[in-house]
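As structure tokens, the structure follows; a few thoughts come after it.
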Amino acid sequence: MLAGDEIRALRIVQSSPDHDLAVQPNGIDLSIDALWRFAAAGRLGRTNDERVLPARDELAFDAAGWLDLPAATYGVRYDELVSLPNDCGGLCFPRSSLLRMGLHVPTAVWDAGYSGRGEGLLIVHNPEGVRLQRGARIAQLVVFRLTSTARAYAGQYQFENR
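Adding 107 to a residue's 1-based position in the sequence shown gives its number in the numbering used here.
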């Protein structure tokens, strides 16, 4: 696993100009850029041709950048640009502060060679909901070296949200 300072030095994760990277000993925090509700059902078949992503209703932050979320499942776009080299992969985990509030970001694999502003899932389990601000750090990306260089990710989400 790469130390947070190594991830920063290799420029694997880059932040927006309006805030600094949140470098942790074992990774880099990812922050909220956008949140949405799912407005329809999705579809996933045996081939990518059968995949249909659900429609989204993007949620609006107030003038101070805050949003009140009731218990539900939301999509999230991270603010940071991630560019993994072909000899590294990543795993995204929820920050412990999130878990202590009754929220969860499910783990996801970030493939070698992926580049973009990733998307994930935010689940508000707390029946009282939560108040989140745009730019709040909700997840941590942990990066590790592979035993050999991999073929670069070339899927549908390559260069998303750039």
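Glycine included, each C-beta is placed from N, C-alpha and C at the ideal position.
- Item | Per DSSP, the bridge partner or partners of LEU176 | According to DSSP, which records beta bridges pairwise, LEU176 is partnered with VAL237.
- On the three-state DSSP scale, how would you describe ASP140? ASP140: strand per DSSP, three-state reduction.
- Less than 9 Å separating the beta-carbons of ILE139 and ARG241? Going by C-beta atoms, ILE139 is nearer than 9 Å to ARG241.
- Task: Under 8 Å Cβ to Cβ from ARG238, same chain only, skipping five residues before and after it: list those, please.
- Result: Around ARG238: TRP173, LEU174, ASP175 and LEU176.
- Message: Let me check one thing: in DSSP terms, what residues is LEU248 bridge-paired to?
- Response: DSSP, once it has assigned bridges, lists ILE135 and CYS199 as partnering LEU248.
- Which first and last residues belong to the alpha helix (DSSP H) in which GLY116 is found? Checking the displayed sequence, the identity of residue 116 turns out to be Ala instead of Gly. Counting along the chain, the alpha helix (DSSP H) containing ALA116 begins and ends at 111–116.
- Query: For the candidate residues VAL183, LEU191 and LEU248, whose alpha-carbon lies nearest to that of GLY93?
  - Reply: Nothing about residue 93 can be reported from this structure: the residues present for the chain run from 108 to 269 only.
- Message: Using a Cβ-Cβ cutoff of less than 7 Å, which residues in the same chain neighbour PRO132 once the five nearest sequence positions on both sides are dropped?
- Response: Counting only Cβ-Cβ distances below 7 Å, and skipping sequence neighbours, we find ALA110 and GLY111.
- Roughly how many angstroms separate the alpha carbons of ARG76 and ILE230, rounded to a whole number? Limits of the chain in this structure are 108 at one end and 269 at the other, which puts residue 76 out of reach.
- Helix, strand or coil at GLU165 [DSSP, three-state]: Under the three-state reduction of DSSP, GLU165 is assigned to strand.
- Task: Give the secondary structure of SER222 by DSSP, where H, G and I count as helix, E and B as strand, and everything else as coil.
- Result: Strand.
- Element boundaries [beta strand (DSSP E), containing ALA129]: Counting along the chain, ALA129 falls outside any beta strand (DSSP E), and DSSP gives it neither H nor E.
- Task: Compute the beta-carbon to beta-carbon distance between GLU187 and GLN121, rounded to the nearest angstrom, for a pair I have assumed lies under 8 Å.
- Result: Indeed, because the Cβ distance is near 6 Å, the residues count as touching under 8 Å.
- Task: Could you tell me whether the Cβ atoms of ARG258 and GLY220 are closer together than 9 Å?
- Result: Taking 9 Å as the Cβ cut-off, ARG258 and GLY220 qualify as a contacting pair.
- Query: Among PHE200, ALA178 and TRP217, which has the Cα closest to the Cα of SER190?
  - Reply: Residue TRP217 holds the alpha-carbon nearest to the alpha-carbon of SER190 among PHE200, ALA178 and TRP217.
- Item | Contacts around PHE168, its chain only, beta-carbon distance under 7 Å, and the 5 residues preceding and following it disregarded | Excluding residues up to 5 positions away in sequence, LEU174 and ARG241 lie with their Cβ nearer than 7 Å to the Cβ of PHE168 in the same chain.
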